[in-house]
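**Q** Mind having a look at this structure? Questions to follow.
2 protein chains.
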Amino acid sequence: MLDDRKSRVLRAVIEDYIETAEPVGSRTIARKHRLGVSPATIRNEMADLEETGYLEQPHVSAGRIPSDKGYRFYVDALMEPMSFTLEQYRQVYSEMIKHYREMERLIQEAGKLLASLTQSAAIVVAPPIEQLTFQHVQLIPVDERDVLVVLLLHPNVVKNKIVRTERAFSSAELIQLSVGLNQKLKGITYRDLGPTVLREIVGEFGEIGQVMVELLVRGLSSEKDEQVYSSGMTHILNQPEFKDVEKAKAFLEAFEQKELWLNLLGEDSQGVRVKIGKENFHSDIQDCSLVTATYHVGGHVIGSLGIVGPTRMEYARMVAMVELIASTLSELLTDMK
Amino acid sequence: MLDDRKSRVLRAVIEDYIETAEPVGSRTIARKHRLGVSPATIRNEMADLEETGYLEQPHVSAGRIPSDKGYRFYVDALMEPMSFTLEQYRQVYSEMIKHYREMERLIQEAGKLLASLTQSAAIVVAPPIEQLTFQHVQLIPVDERDVLVVLLLHPNVVKNKIVRTERAFSSAELIQLSVGLNQKLKGITYRDLGPTVLREIVGEFGEIGQVMVELLVRGLSSEKDEQVYSSGMTHILNQPEFKDVEKAKAFLEAFEQKELWLNLLGEDSQGVRVKIGKENFHSDIQDCSLVTATYHVGGHVIGSLGIVGPTRMEYARMVAMVELIASTLSELLTDMK
DNA sequence: GTTAGCACTCAAAGGCGTTGAGTGCTAAAA
DNA sequence: TTTTAGCACTCAACGCCTTTGAGTGCTAAC
């Protein structure tokens, strides 16, 4: 598609721009990256690259900056993948394993770590309950008619909710209910818990089964925004593209809209995905890119995480970091068995 | 201390400055607040107020702005307390009661509501476990040697933690342990749970009592920053004092330091407290004021909440809002009995 | 004690020329 | 045919200057 020299020029422009955040001129490239040709030649190449849409010019007497298309080509074909030393890998692992007993905390820590390593804003989408397996259900009396529903789900997720019941239950009744529910639910996923199983419970336990189902369903309900954790929001204020407060505000406000991320970090594909600029964005967030990956338990995708930053970001490093955290997280969760 | 006219001038300056964020001149005051005297007279009064430290002048040909001392006097003696209509009170109440079944969620919602009503950054410090009363302890098997410790504390706080044990326990053993713990703990506060009670448990249950204590203590341990909830950080970006990104960054970064707020929102006094500017601040946060209050259960203080904003804030409104949320929260928590 | 008048100060805004990084084009060199 | 030196041109950024106007303090008259 692009001949060798054009590729090298494009790569030089992009890497220089990523580093300096300033439009890059032909002279600079000729000096920094020994391409063996004069600035004039590079100028010609850059003019071609602009014509074909890989570069842009903020104004006529400025250097070039990469377009979304340019970044896309860079990410797909030009950038040199970054790799870690065993030592770095170990550090991440040992940082994360500290919190590994409980999944919710583990993924929160994974997010914080990702934010800190990338110096970007990080997002982690926790597994929706549908993806998890029942391990234990416990009903605990709170009050005359309030019951605490504790759900232990695999891999080590604890959900609890206090639910108001239609009528009062004694301690003994609740224990009975708990035992019954555990019998029916142990080992099945929420997904399997269609109307069939629910009807089965009602059938088997009669009126009391109805109550079980009621408690269970209400115990499981949770708000969407509790599934998204964010960290490192303030890091983006270090980026020159956000030196204008209005832009920073727009970004931060959009970033806080947690539902937004539920949609953006879809769980379709495997591996690290990069979404550049306008490729996929909610209009509120201008000139930003997203690097995301999914994490899984035993090959089964259960959630996703990623970082957001200006389109001018160190893609190689970001992709490597997201990959590293996602795979370490998957490893730990799979070991939780 | 200040004669009547000086007070009126000071008040006029402060209220104008709060509204406009611009230094206030003598002419403006003469025009807006009919004090019945000419700008020249007001100038004289302002010169006096500056000499006694209530006002400051950014530069010689600008108007005056209030000093910390000026704000302090305004808050203590000049401002007109704001009050709410029954309708507004009801709205807040009905917004909060939606989430009142669980305390953690309730106080989070209180924080969000406070942030939204004041358009400021809000902080809520959750009650430390020491302030709460045991209601139920449940040990649930997770894995061979992992036990889920669920603590239900009054008023309706649920804590859970997965703890690794020295040796394996069967389901039956865990139930037995739970029952034993419940017997000893029901109704007592963590505070009462000194070495005495712990030793009592060990004495009564022998070796198994040791395990109980171990599980309990570890189940109760939690990180400091989990006790602080913040909301509405981005609101402060609307304030002109943060139009400079560096200042905004400094603020937001300090604001994210959750431990900081544990110290700042001490639980000493009753009622709403106002801390202005340098009166009490960590050096990172410049030119900010803090409006805080405690909330309580049946007269017993268990936590605190408040807002942070630029020293130039609508004190009357902020104080009223913080008061409103704190008292509504206290009311709901007390009703949780 | 109050106020009109006046000279004075100074930040903010606007105009203006300079600078310099960068371009595209042309014509010569390879 | 491709590369490059040379050159005229563009334009944001910067510094410098002037103007403007909001505001002051002082003085003298009311």
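First to last, the protein sequences are chains G and D.
According to my numbering, the first sequence is numbered sequentially starting from 12.
According to my numbering, the second sequence is numbered sequentially starting from 12.
Idealized CB from N, CA, C, for every residue including glycine.
Note that the structure is predicted; figures quoted are calculated from it, not measured.
(1) Can you check DSSP and say which residues form a bridge with D:His173?
(2) Of the choices G:Tyr28, G:Ile40, G:Arg83, whose alpha-carbon is the least far from that of G:Pro69?
(3) Are the C-beta of D:Glu61 and some C-beta of chain G separated by less than 7 Å?
(4) State buried or exposed for D:Leu97, treating a residue as buried only when at least 16 other CB atoms are found within 10 Å of its CB.
(5) Our contact map puts D:Pro206 next to D:Leu185 with C-beta atoms below 8 Å; I'd like the distance itself, whole angstroms only.
(6) Considering only their Cβ atoms, is the gap separating G:Ala133 from G:Ile318 smaller than 7 Å?
(7) Which residues, in chain order, does the stretch 257-278 of chain D contribute to contact with chain G at a C-beta distance below 7 Å?
(8) Tell whether a beta-carbon distance below 7 Å holds between D:Tyr326 and D:Met90.
(9) Would you verify that the beta carbon of D:Ser173 is, or is not, closer than 7 Å to some beta carbon of chain G?
(10) Quick one: which chain G residues come within Cβ less than 8 Å of D:Ile151?
(11) Could you tell me whether any Cβ in chain D is nearer than 7 Å to the Cβ of G:Thr144?
(12) Measuring CB to CB, does D:Arg75 end up less than 7 Å from D:Val24?
(13) Taking DSSP's pairing of strands, which residues face G:Tyr306 in a bridge?
(14) Just to confirm, is the Cβ distance from D:Val283 to D:Val222 under 7 Å?
(15) Along the stretch 192-226 of chain D, what residues have a CB closer than 7 Å to any CB found in chain G?
(16) Starting from the beta carbon of G:Glu184, find every residue of chain D whose beta carbon is closer than 7 Å, and list them in chain order.
(17) Keeping to the same chain, check which residues put their C-beta closer than 6 Å to that of D:Gln142; ignore five residues upstream and five downstream.
(18) With respect to the beta strand (DSSP E) encompassing G:Arg284, which residues constitute its N-terminal and C-terminal limits?
(19) Across the stretch 253-262 of chain D and the stretch 247-263 of chain G, are there enough close Cβ pairs to call them in contact, namely three or more that are closer than 8 Å?
(20) Would you identify the three-state DSSP class for G:Leu143, choosing helix, strand or coil?
(21) Please report how far the alpha carbon of G:Met347 lies from the alpha carbon of G:Val174, in whole angstroms.
(22) Nearest chain G C-beta to D:Lys254 closer than 7 Å, yes or no?
(23) Which full runs of the beta strand (DSSP E) of 3+ residues lie inside the stretch 165-223 of chain G, going along the chain?
(24) Are the beta-carbon atoms belonging to G:Glu106 and G:Leu124 less than 7 Å from one another?
(25) Tell me the residue span of the alpha helix (DSSP H) that contains G:Asn71.
(26) With 16 other CB atoms within 10 Å as the buried threshold, where does D:Met324 fall?
(27) Return the CA-CA distance between G:Thr129 and G:Val333, expressed in angstroms with no decimal places.
(28) Tell whether a beta-carbon distance below 7 Å holds between D:Ser127 and D:Gly320.
(29) Can you tell me whether DSSP reads D:Tyr111 as helix, strand or coil?
(30) For G:Gln149, which three-state DSSP category applies?
(31) Going by CA-CA distance only, name the one from G:His246, G:Asp295, G:Gln281 that's closest to G:Glu264.
(32) Ordered along the chain, which non-local residues of its own chain (more than five positions away) have a Cβ less than 8 Å from that of G:Lys197?
(33) Compute the Euclidean distance between the alpha carbons of G:Gly214 and G:Pro166, then round it to the nearest angstrom.
(34) Quick one: is G:Val168 near chain D, going by C-beta distance under 7 Å?
(35) If you run the structure through DSSP and keep just helix, strand and coil, what is G:Val48?
(36) Please state if the CB of D:Thr322 and the CB of D:Gly277 are separated by a distance shorter than 7 Å.
**A** In short, the structure shows the following:
(1) In the sequence under discussion, the amino acid at residue 173 of chain D is Ile, which differs from the His named in the question. The partner list for D:Ile173 (beta bridge, DSSP) reads D:Leu159.
(2) G:Tyr28
(3) no
(4) exposed
(5) Not really, about 25 Å apart at Cβ, beyond 8 Å.
(6) yes
(7) Ala259, Lys260, Leu263, Glu264, Glu267
(8) yes
(9) The question names Ser, yet the displayed sequence has Ile at residue 173 of chain D. Output row for D:Ile173: interface = yes.
(10) His147, Gln149, Val161, Leu163
(11) no
(12) yes
(13) G:Gly314
(14) no
(15) none
(16) Within chain D, no residue comes near G:Glu184; the closest Cβ sits about 15 Å away, beyond 7 Å.
(17) Ile313
(18) 284-286
(19) yes
(20) coil
(21) 29 Å
(22) yes
(23) 168-175
(24) yes
(25) The question names Asn, but residue 71 of chain G in the sequence shown is Val. Taken as a continuous stretch (DSSP letters only), G:Val71 belongs to no alpha helix (DSSP H), as it is neither H nor E.
(26) buried
(27) 9 Å
(28) no
(29) coil
(30) strand
(31) G:Asp295
(32) Phe145, Gln146, His147
(33) 30 Å
(34) no
(35) coil
(36) no
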